[in-house]
Each structure stands twice: as structure tokens, then as C-alpha cells.
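Step one of this worksheet: look at the structure below.
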Amino acid sequence: MDAVEVSGQAWRDQVRQRGTVEQDRVALARLIEYDADPFEVELYELAADPRTLLIDRAQRRRAGQHERHVRRLKDRGRRADR
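Note that the sequence shown covers residues 1 to 82 in full-length UniProt numbering.
Structural data, given as C-alpha cells:
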């Protein structure tokens, strides 16, 4: 693997491992109900922003598509070796 592939794989791993923005939004909403700290409110507003939701979904979708693509390429390689 070259440096670009390693960097891309690290990004995809990070995207797949982190929680979703929807999960963050729900957790922050619970915090705000308990204690409406201005910083928590700001984080909630960021997590509830439709653009943030779209970006998170797009990143997750792209990471998943790439994983499926790599898996299909490996499967084709195994079939060709037979």
C-alpha cells in the first residue's frame, strides 16, 4: 500500500468506528435536559444541523461503498485464482 491508500484506509476506519451524528444529538439532548450548559447547547445545535447530518451520512455511505468495492475486488481475485 502506498501512503495515499494508508491515509484513505485510516479515514475510513475512523468514520466507521465513530458514533453517528444522530447518536451524538440524542446524547447531547439528554445532557441539555439535565443541565443546559451553553457549550452543550452549541454542540447540540451543530449536531442537529441538517448539513452536519448530510455530511455524516455521506461519509459513512462512501466508507461503506469503498469497503464493498474492495471486498468485491478480492472475491474476483480469488475466483480468478481457481
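Virtual Cβ for every residue (Gly too), placed ideally from N, Cα, C. This one's a predicted model, so the numbers in the text were calculated from it and none came from an experiment.
CA nearest to the CA of Glu5, picked from Gly77, Ala63 and Asp75
Walking along the sequence shown from the start, residue 5 turns up at place 5. Comparing Cα-Cα distances from Glu5 to each of Gly77, Ala63 and Asp75, the minimum goes to Ala63.
According to DSSP, is Asp49 helix, strand or coil?
Along the sequence shown, read from residue 1 onward, the residue named residue 49 stands at position 49. Coil at Asp49, not helix or strand.
Over what stretch of residues does the alpha helix (DSSP H) that includes Arg25 continue unbroken?
Start at 1 with the first residue of the sequence shown, and residue 25 comes out as number 25. Looking at the DSSP string, the run of the alpha helix (DSSP H) that includes Arg25 is Val21 to Tyr34.
Taking 8 Å as the threshold (C-beta atoms), are Ala47 and Val21 in contact?
Residue 21 sits at position 21 when you count from the first residue of the sequence shown. Residue 47 sits at position 47 when you count from the first residue of the sequence shown. Yes, Cβ-Cβ distance for Val21 and Ala47 is below 8 Å.
Indicate the three-state DSSP secondary structure (helix, strand or coil) for Asp2 in the structure shown.
Position 2 of the sequence shown, counted from the first residue, corresponds to residue 2. The answer is coil: DSSP assigns Asp2 none of H, G, I, E or B.
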